[in-house]
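See below for the structure under consideration.
2 protein chains.
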Amino acid sequence: MSHNMEEIAARLRGAGYRVTPQRQLILDAVCELGGHVTAEAVYESVQEIVPSLNQGTVYRALNFFCDERIVTATRQPDGRTVYELAGQNPHHHFVCQVCGADYEVSQQMLRPLFERARQEYGFAVEMDHISFFGRCRECR
Amino acid sequence: MSHNMEEIAARLRGAGYRVTPQRQLILDAVCELGGHVTAEAVYESVQEIVPSLNQGTVYRALNFFCDERIVTATRQPDGRTVYELAGQNPHHHFVCQVCGADYEVSQQMLRPLFERARQEYGFAVEMDHISFFGRCRECR
DNA sequence: CTCCTTATTGCAGTTACTTGCAATAGAGAA
DNA sequence: TTCTCTATTGCAAGTAACTGCAATAAGGAG
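Protein chains in written order, with our numbering: chain A, 1051 to 1190; chain B, 1051 to 1190.
Next comes the structure, spelled out in C-alpha cells:
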C-alpha cells in the first residue's frame, strides 16, 4: 500500500491544514512499516531520522490522519492501537487473538448488517475500520 | 438488571476463585449504578463504603468479571471503558456518537455475519459485546 | 477451630495516550 | 521577498488503565 503525498498534501492545504515535515515523515513511516503499525513503532522509526521529533506529535499526527480518513485506527484488546494506511476501498478485519492472523473483510460483507441498522433503528453506523477478534481455524 | 450473588459466588468458588468482600462490593456497584458504568464511577461508589479499597483492585475485579462473562466491557471512542452486567442473553449496541443514544442489538442480528466469517474464513468471532458507533436518526 | 496453600489486595510505579501552553514555522497576502 | 496569522510542535504534566511484589486473607483439609 502506497500513498500519494502530492495529492494528500494538496487536499489538506485546501482544507486549511498545514503539511509539515513531521506529518510527512510520520505518514511515510506508516506506509513503509506496512500493515498494522503501533504508534511506538512509528515513533521509533521517525526518531531515527529526526531525533527531536516528539511522541506527542506522533500521536497527534496519527489522530489527525484518522480524522482525515488517511489512516485507520484499531484498538486491540491488549489496549494498544494499531494504525494502517486507509486504502481506496475501506475494509475491516478478523483478527485471531491467539496467533494474530489477520483476515481482510470487505465493506461489502458488513453492508447487510449496516442496512438493517438503518432500516430498523434509523441508525447509521460510522466506523470504517472495525476489527472483530476471535480465533482462526488453526487456533480453535 | 440484577444479579444473583449466591449463584455467582458458588460458580466462582467451584472454579477455584475466591469471593472477596471487595469483589462483591464492586459487582454490587455495577448493578446499582446500572447501565453502562465507568471504572471511575465504580471506584467512587465503593470508596464511600470502604475507603481503603484500591483503584487497582477495581480494575482487576472488573477485568476478572469480564473474563468470567459476568460483566461486559466496551471501549468507547473517547478511550474510556464502560462496563455492564452481562444479562442472560448476550447483546450488542448501536451507540450514537452525538447524543449518546444507545440501542440494544440482539446477538441474533449479528449471527449472519458471524456465520459467514466461520464459513468463508473458518474464523470464530469471540466478542460478546460489540458497540457500533455512528449517528441516530435525530442526529443525522 | 486451626493450619496451610495460594488467590487476591494494597501500594507504588509503569504504560499508552492525551493535553495545555508558549514557541515555532507553514503558507497565503502584500 | 517580507509580513502576518494561526496551525502545529516540543515539552512537560495529566489521565485511564495495568502490573510486580510483598502482605493479607479466602476457604478447603485435617
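Cβ coordinates follow ideal geometry from the N, Cα and C atoms, glycine included.
Answer yes or no: do residue 1155/A and residue 1186/A have a C-beta to C-beta separation smaller than 9 Å?
Numbered from its first residue, the first sequence carries residue 1155/A at position 105. Numbered from its first residue, the first sequence carries residue 1186/A at position 136. No.
Using a Cβ cut-off of 8 Å, pull out every chain A residue sitting near residue 1175/B, in sequence order please.
Within the second sequence, residue 1175/B is the residue found at index 125, counting from 1. The answer, in chain order, is 1144, 1182, 1183, 1184.
Status (buried if at least 16 other CB within 10 Å, exposed otherwise) for residue 1080/A:
Translated into the one-based positions of the first sequence, residue 1080/A becomes position 30. Classification of residue 1080/A: buried, given that the 10 Å Cβ count is 16 or more.
Could you tell me whether the Cβ of residue 1172/B comes closer than 9 Å to any Cβ of chain A?
One-based indexing of the second sequence puts residue 1172/B at position 122. With 9 Å as the cut-off, residue 1172/B counts as an interface residue toward chain A.
Output the boundary residues of the beta strand (DSSP E) element that contains residue 1135/B.
The residue you call residue 1135/B lines up with position 85 of the second sequence. Per DSSP, residue 1135/B belongs to the beta strand (DSSP E) from 1131-1135.
Inter-residue Cα distance where the pair is residue 1089/B and residue 1182/B
On the second sequence, position 39 is the one that residue 1089/B refers to. On the second sequence, position 132 is the one that residue 1182/B refers to. Roughly 21 Å between the two C-alpha positions.
Cβ pair residue 1118/A, residue 1065/A closer than 9 Å
Locating residue 1118/A in the first sequence gives position 68, where the first residue counts as 1. Locating residue 1065/A in the first sequence gives position 15, where the first residue counts as 1. Yes, the Cβ-Cβ distance between residue 1118/A and residue 1065/A is below 9 Å.
Here's the rule: buried if 16 or more other CB atoms are within 10 angstroms of the residue's CB, otherwise exposed. What is residue 1060/B?
Taking the second sequence and counting its residues from 1, one reaches residue 1060/B at position 10. Classification for residue 1060/B: exposed.
Chain B residues whose Cβ lies nearer than 8 Å to that of residue 1101/A:
In the first sequence, the residue the question calls residue 1101/A occupies position 51. Under the 8 Å cutoff, chain B gives no residues; its nearest Cβ is about 28 Å from residue 1101/A.
Can you give me the start and stop residues for the alpha helix (DSSP H) that residue 1114/B sits inside?
For this step, residue 1114/B is matched to residue 64 along the second sequence. Its alpha helix (DSSP H) spans residues 1105-1117.
Taking DSSP's pairing of strands, which residues face residue 1152/B in a bridge?
On the second sequence, residue 1152/B is found 102 positions in, with the first residue counted as 1. 1145/B, per the DSSP bridge assignment.
Quick one: what's got a C-beta closer than 7 Å to residue 1063/B's C-beta in the same chain, skipping five residues either side?
Here the question's residue 1063/B lines up with position 13 in the second sequence. Answer for residue 1063/B: 1069, listed in chain order.
Go ahead and label residue 1161/B buried or exposed: buried means 16 or more other beta carbons lie within 10 angstroms of its beta carbon, across all protein chains shown.
As a working mapping, residue 1161/B is identified with position 111 in the second sequence. It counts as exposed.
Whole angstroms are fine: how far does the CA of residue 1056/A sit from the CA of residue 1134/B?
Translated into positions along the second sequence, residue 1134/B becomes position 84. Translated into positions along the first sequence, residue 1056/A becomes position 6. So the alpha carbons of these two residues sit roughly 47 Å apart.
So with Cβ pairs under 9 Å, would you call residue 1069/B a contact of chain A?
Residue mapping note: residue 1069/B aligns to position 19 of the second sequence, counting from 1. No, residue 1069/B lies away from the interface with chain A (no Cβ there is under 9 Å from its Cβ).
Hey, does residue 1206/B have any beta-carbon neighbour from chain A nearer than 9 Å?
Coverage of chain B is limited to positions 1051 through 1190, which leaves residue 1206/B absent and any answer about it impossible.
Please list the segments of the alpha helix (DSSP H) lying wholly inside the region 1060-1095 of chain A, counting only runs of 4 or more residues, in order along the chain.
1071-1083
Chain-ordered neighbours of residue 1153/A on chain B, where CB pairs are closer than 7 Å:
Here residue 1153/A refers to the residue found at position 103 of the first sequence. Near residue 1153/A (Cβ distances below 7 Å), the residues of chain B are 1171, 1173.
Look up residue 1125/B in the DSSP assignment and say whether it is helix, strand or coil.
For the purposes of this step, residue 1125/B is taken as the residue at position 75 of the second sequence. Strand.
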